[in-house]
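To start, the structure under review is shown below, and the notes come after it.
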Amino acid sequence: MTLSSSGLPDLTQAQLEAWAVQARTHALEGYLPDYIPLLAQANPTWFAVQVKGEGNRLHTFGDTSLSFPLMSVVKPFVLLFLLEQLGRAAVFSQVGMEPSDAPFNSLIQLQADQGWPRNPMINSGAIVLASLIPGQDAHTRCEGLRQWLNQRADCQLFLDKQMLNSVLSLTNERNRALMSLLEQTHHLEAGEVALDTYNYVCCLSGTVADLSRIGMLLVQGKGVVSPEHSRVVNAIMTTCGLYEASGRFAVQVGLPTKSGVSGAMLSVVPNQGVIACYSPPLDLMGNSKASQFFLQQMVQALRLSVFG
Ligand code: GLU
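What the sequence shown shows, in our numbering, is residues 590 to 897, in sequence order.
Put into structure tokens, the structure is as follows:
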């Protein structure tokens, strides 16, 4: 087989639309999460994608006016923010960089690790990182992160208060148990504020355009954040970004990627650009069905994998 394409600049609008139309049919096989009531009310047919390259090269498809909460897609940006604010040594004295083959909110994993949070992409690690964001309370911390991102990435993320109320309307026993164990094992102080902050930052919301703009911070050479810090974040997204599906995803797609339970998914094509997708129905590991299908088609056709 001869594959002539090799990079984001070769993408055509016709290709993008053809993959998106196919991807939408795969969404119907997914499910909506029920532990956040407002996410369960999403329309399963919602779909939007934006591909952004260097020099403001842009392709979009679907309902790009839809806004959605980042949920776990915020985690790489909490990590990036803290690397920039505190430095690498301070951050990785509090959280590991090892992948986990357990679900994103696994208490068993945290127990096996004696309370040491394995990586910043699972909930235990993200709760600990939320505790390091400067500010007295969750609102101030979230606002600091929001303003930093909006300023650095020139976008318009906002805190979706309705979504936050929905997140807080049901007690998330799993996240509370993670917080307690982190506190008991002295890996976390002031756990309530940290958990609160985690819930707030997960509800930072925007469109696929906002998602692709923050994603561009991770495309090295932008000069807005340290290339070394974006390299670290990209590496951890590659090994940990899709939770227990990360290994398989590295083979099938091979791009630093982060998923969120809202159906958001962000992939970085190092030195080239980003792919921002939104489609709410998820697979059993909590990753957007249609977004994964779309990425697979695109990466194979344009040979985008970082592994060659
Ligand atoms: N706030 C969600 C939770 O903790 C985020 C999970 C996700 O997006 O994967 O359950």
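The beta carbon of each residue, even a glycine, is placed where N, CA and C say it ideally should be.
Indicate the three-state DSSP secondary structure (helix, strand or coil) for glutamine 885 in the structure shown. As a working note, residue 885 is residue 296 in the sequence shown. Three-state result, glutamine 885: helix.
Identify which residue in Phe896, Gln881 and Leu891 has its Cα closest to the Cα of phenylalanine 636. Counting from 1 along the sequence shown, the entry for residue 636 is found at position 47. Closest by alpha carbon: Gln881.
Thinking leucine 597 and glycine 862 are a contact (beta carbons under 8 Å), I'd like their distance in whole angstroms, please. Locating residue 597 in the sequence shown gives position 8, counting from the first residue. Locating residue 862 in the sequence shown gives position 273, counting from the first residue. That pair is a contact at about 5 Å.
Beta-bridge pairing of cysteine 866 - partner residues as DSSP gives them: Against the sequence shown, residue 866 aligns to sequence position 277. Val638 and Met854, per the DSSP bridge assignment.
Report yes if the C-beta of alanine 830 is less than 7 Å from at least one heavy atom of the ligand GLU; otherwise report no. Locating residue 830 in the sequence shown gives position 241, where the first residue counts as 1. Before going further, note that residue 830 is glycine rather than alanine in the sequence given. Outside the cutoff, so no.
Looking at glycine 584 and the ligand GLU, is the gap between the Cβ and the nearest heavy atom below 7 Å? The question about residue 584 has no answer here: the residues shown for the chain are numbered 590 through 897.
Taking Cβ to Cβ, would you say alanine 616 is nearer than 8 Å to lysine 878? Counted from its first residue, the sequence shown places residue 616 at position 27. Counted from its first residue, the sequence shown places residue 878 at position 289. Going by C-beta atoms, alanine 616 is nearer than 8 Å to lysine 878.
Please identify the residue among Val790, Met874, Gln885 and Ala865 whose C-alpha is closest to the C-alpha of alanine 727. Mapped onto the sequence shown, residue 727 falls at position 138. Answer by Cα proximity: Val790.
Specify the secondary structure class of histidine 776 as computed by DSSP and reduced to three states. If you number the sequence shown from 1, residue 776 lands on position 187. Reduced to three states, the DSSP call for histidine 776 is coil.
Could you tell me if asparagine 823 is buried or exposed, where buried requires 16 or more neighbouring beta carbons within 10 angstroms of its beta carbon? Working through the sequence shown from its first residue, we reach residue 823 at position 234. So asparagine 823 ends up on the buried side.
Arginine 613 to serine 868, Cα distance in whole Å? Taking the sequence shown and counting its residues from 1, one reaches residue 613 at position 24. Taking the sequence shown and counting its residues from 1, one reaches residue 868 at position 279. The alpha-carbon atoms of arginine 613 and serine 868 are separated by roughly 8 Å.
Keeping to the same chain, check which residues put their C-beta closer than 8 Å to that of leucine 784; ignore five residues upstream and five downstream. Translated into positions along the sequence shown, residue 784 becomes position 195. Same-chain partners within the cutoff: Ile716, Ala719, Asn764, Arg765 and Met768.
Looking at the structure shown, is phenylalanine 650 part of a helix, part of a strand, or coil, going by DSSP? Counted from its first residue, the sequence shown places residue 650 at position 61. Of the three classes helix, strand and coil, the one that applies to phenylalanine 650 here is strand, per DSSP.
Could you tell me the alpha carbon to alpha carbon distance between glycine 849 and leucine 628, rounded to whole angstroms? Here residue 849 refers to the residue found at position 260 when the sequence shown is read from its first residue. Here residue 628 refers to the residue found at position 39 when the sequence shown is read from its first residue. Their backbone Cα atoms lie some 11 Å apart in a straight line.
Closer than 7 Å: is that where the CB of phenylalanine 657 sits relative to any heavy atom of the ligand PLP? Absence of the ligand PLP from the depicted structure is noted, with the ligand GLU being the only ligands included.
Give every residue of the same chain whose Cβ lies closer than 8 Å to the Cβ of valine 808, excluding the five residues on either side of it in the sequence, and list them in chain order. Residue mapping note: residue 808 aligns to position 219 of the sequence shown, counting from 1. Counting only Cβ-Cβ distances below 8 Å, and skipping sequence neighbours, we find Glu643, Ser819, Val857, Val858, Pro859, Asn860, Gln861, Gly862 and Val863.
DSSP-derived helix/strand/coil call for tyrosine 624: Counted from its first residue, the sequence shown places residue 624 at position 35. Tyrosine 624: coil per DSSP, three-state reduction.
Do methionine 710 and alanine 853 have their C-beta atoms within less than 8 Å of each other? As a first step, residue 710 is located in the sequence shown; it is residue number 121 there, counting from the start. As a first step, residue 853 is located in the sequence shown; it is residue number 264 there, counting from the start. No.
Rounded C-alpha distance that separates valine 813 from leucine 738: Stepping through the sequence shown from its first residue, residue 813 is reached at position 224. Stepping through the sequence shown from its first residue, residue 738 is reached at position 149. The straight-line gap from Cα to Cα measures roughly 11 Å.
Does DSSP classify methionine 848 as helix, strand or coil? Numbered from its first residue, the sequence shown carries residue 848 at position 259. The question names methionine, but residue 848 in the sequence shown is serine. If DSSP states are grouped into helix, strand and coil, serine 848 belongs with the strands.
Burial state of glutamine 700 (16 or more Cβ within 10 Å): The sequence position of residue 700 within the sequence shown is 111, counting from 1. Glutamine 700 is exposed by the Cβ-count criterion.
Simplified DSSP state of glycine 676, which is helix, strand or coil: Along the sequence shown, read from residue 1 onward, the residue named residue 676 stands at position 87. The three-state reading of DSSP puts glycine 676 in coil, since its state is none of H, G, I, E or B.
Valine 662 versus glycine 651: straight-line alpha-carbon distance, rounded: One-based indexing of the sequence shown puts residue 662 at position 73. One-based indexing of the sequence shown puts residue 651 at position 62. Cα-Cα distance, rounded: 20 Å.
I need the DSSP call for serine 894, collapsed to helix, strand or coil. Here residue 894 refers to the residue found at position 305 of the sequence shown. In the structure shown, serine 894 sits in coil (DSSP, three-state: anything other than H, G, I, E or B).
Given this structure, state the Cα-to-Cα distance separating glutamate 673 from leucine 757, to the nearest angstrom. Position 84 of the sequence shown, counting from 1, holds the residue named residue 673. Position 168 of the sequence shown, counting from 1, holds the residue named residue 757. Going by the C-alpha atoms only, they are around 30 Å apart.
Express the C-alpha separation of threonine 796 and proline 845 in angstroms, rounding to a whole number. Along the sequence shown, one-based indexing puts residue 845 at 256. Along the sequence shown, one-based indexing puts residue 796 at 207. Approximately 20 Å, taken between the alpha carbons.
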